[in-house]
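Since the structure comes first, as structure tokens, the remarks are kept for the end.
Protein chains in written order, with the working numbering: chain U, 3 to 116; chain D, 7 to 119.
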């Protein structure tokens, strides 16, 4: 059964500090996504991986955001330095890689930047 | 501009009634559409997929319709229960090198006993 573990669940930092989120797609599907969800909005794609390759990072703010997926399993998303507007829930999801496949989301990491 | 619109106001209904949620879109040509449920503090959970050549899909008490002419999907929950209270997100599968999901903002459903 699919399952995505994310940590930390909650993080509060001051602006200009760095922060990192971790995702473990337990079921090991090839495709992994990072989404950002602002309050009252739907998830917005930041980056998509096929195995360890980032195949769509067009919406990742590359000046301060970075991501990696070593060995095509776990992934980390980093923000450095964080800004007030980065406060959001960061969701990791895995997909079966088919064209219409459902996504399995983790519980998310809620970031508050003060 | 491209838009996905879901009712921004919460939908309040009585237990046992049918809840109908709307997803309208403009300037997209989705190959398919998915509906997700999201509870507070949790990640979205997949419910149903409907393709562009399908008019209707059912799963237990759930029914989804997809009208590509009207550019609209309707999501129905029959015999609603308080446990159905959640936010429901529609997501369009659009082509962009690969089929990627674009999510709406969601509609909050509250089912009252």
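Note that the Cβ used here is the ideal one computed from N, Cα and C, for glycine as well. None of the values given here were measured: they were computed from a predicted structure.
Please return the same chain residues whose Cβ sits closer than 6 Å to the Cβ of residue 54(U), not counting the five positions on each side in sequence. Within the first chain, residue 54(U) is the residue found at index 52, counting from 1. Within the same chain, residue 54(U) has close Cβ partners 71, 74.
Examine the Cβ distances between the region 23–31 of chain U and the region 43–59 of chain U and report whether three or more of them are shorter than 8 Å. no
Local Cβ density within 10 Å of residue 176(D), reported as buried at 16 or more and exposed below that: With chain D running from 7 to 119 in the structure shown, residue 176(D) is simply not present.
Beta carbon of residue 101(D), beta carbon of residue 29(D): below 9 Å? The residue labelled residue 101(D) in the question sits at position 95 within the second chain. The residue labelled residue 29(D) in the question sits at position 23 within the second chain. Not in contact: residue 101(D) and residue 29(D) (Cβ atoms no closer than 9 Å).
Can you look up residue 58(U) in the DSSP assignment and give me helix, strand or coil? For the purposes of this step, residue 58(U) is taken as the residue at position 56 of the first chain. It is a strand residue.
Proximal residues of chain U, C-beta to C-beta of residue 89(D) below 9 Å: The residue labelled residue 89(D) in the question sits at position 83 within the second chain. Here the premise fails: no neighbours, minimum Cβ distance about 19 Å.
Closer than 9 Å to chain D by CB, residue 6(U): Stepping through the first chain from its first residue, residue 6(U) is reached at position 4. Taking Cβ atoms only, chain D reaches closer than 9 Å to residue 6(U), which makes this a yes.
What's the C-alpha gap between residue 84(D) and residue 116(U)? Working through the second chain from its first residue, we reach residue 84(D) at position 78. Working through the first chain from its first residue, we reach residue 116(U) at position 114. Approximately 43 Å, taken between the alpha carbons.
Rounded to the nearest angstrom, what separates residue 139(D) and residue 40(D) at their Cα positions? Not covered by the structure: residue 139(D). The range shown for chain D is 7 to 119.
Using beta-carbon positions only, say whether residue 51(D) and residue 86(D) come within less than 9 Å of one another. As a position in the second chain, residue 51(D) is number 45, starting the count at 1. As a position in the second chain, residue 86(D) is number 80, starting the count at 1. For residue 51(D) and residue 86(D), no; Cβs fall outside 9 Å.
Contacting positions in the region 10–40 of chain D - beta carbon closer than 9 Å to chain U: 10, 12, 14, 37, 38, 40
Kindly confirm or deny that the region 7–26 of chain D and the region 80–98 of chain U touch, where touching means at least three C-beta pairs closer than 8 Å. no
Whole-angstrom C-beta distance between residue 12(D) and residue 99(D), which should lie under 8 Å: Within the second chain, numbered from 1, the residue matching residue 99(D) stands at position 93. Within the second chain, numbered from 1, the residue matching residue 12(D) stands at position 6. Contact flag wrong, Cβ pair sits at about 16 Å.
May I have a chain-ordered list of the alpha helix (DSSP H) segments no shorter than 4 residues that lie completely inside the region 39–91 of chain U? none
With a cut-off of 9 Å, does the C-beta of residue 107(U) fall near any C-beta of chain D? In the first chain, residue 107(U) corresponds to position 105, counting from 1. For residue 107(U), the answer is yes, since a Cβ of chain D falls inside 9 Å of its Cβ.
Count the other CB atoms within 10 Å of the CB of residue 108(U); is the residue buried (16 or more) or exposed (fewer)? In the first chain, counting from the first residue as 1, residue 108(U) sits at position 106. Under this definition residue 108(U) is a buried residue.
Identify the residues that DSSP records as bridge partners of residue 53(D): which are they? Here residue 53(D) refers to the residue found at position 47 of the second chain. The partner list for residue 53(D) (beta bridge, DSSP) is empty, contrary to what the question assumes.
May I ask whether a heavy atom of the ligand NAP can be found less than 8 Å away from the beta carbon of residue 61(U)? With respect to small molecules bound, the structure shown includes none, and the ligand NAP cannot be examined in it.
Please list the partners that residue 86(U) has in chain D, where partner means a Cβ-to-Cβ separation under 9 Å. Working through the first chain from its first residue, we reach residue 86(U) at position 84. Within 9 Å Cβ-Cβ: nothing; residue 86(U) doesn't reach chain D, min ~21 Å.
Applying a beta-carbon distance threshold of less than 8 Å, which residues of chain U neighbour residue 106(D)? Translated into positions along the second chain, residue 106(D) becomes position 100. Near residue 106(D) (Cβ distances below 8 Å), the residues of chain U are 47, 50, 58.
Alpha carbon to alpha carbon, how far is residue 7(U) from residue 110(U)? Give it in angstroms, no decimals. Your numbering for residue 110(U) matches position 108 in the first chain. Your numbering for residue 7(U) matches position 5 in the first chain. Answer to the nearest angstrom: the Cα atoms are 9 Å apart.
According to DSSP, what are the bridge partners of residue 26(U)? Within the first chain, the letter at position 24 stands for residue 26(U). Paired residues: 7(U).
Minimum C-alpha distance to residue 16(D) - residue among 107(D), 95(D), 109(D): Your numbering for residue 16(D) matches position 10 in the second chain. Residue 95(D) is the option with its Cα nearest to residue 16(D).
Output, in chain order, the set of chain D residues within a Cβ distance shorter than 8 Å of residue 78(U). Residue 78(U) sits at position 76 when you count from the first residue of the first chain. Correct list: empty, because the minimum Cβ distance to chain D is about 18 Å.
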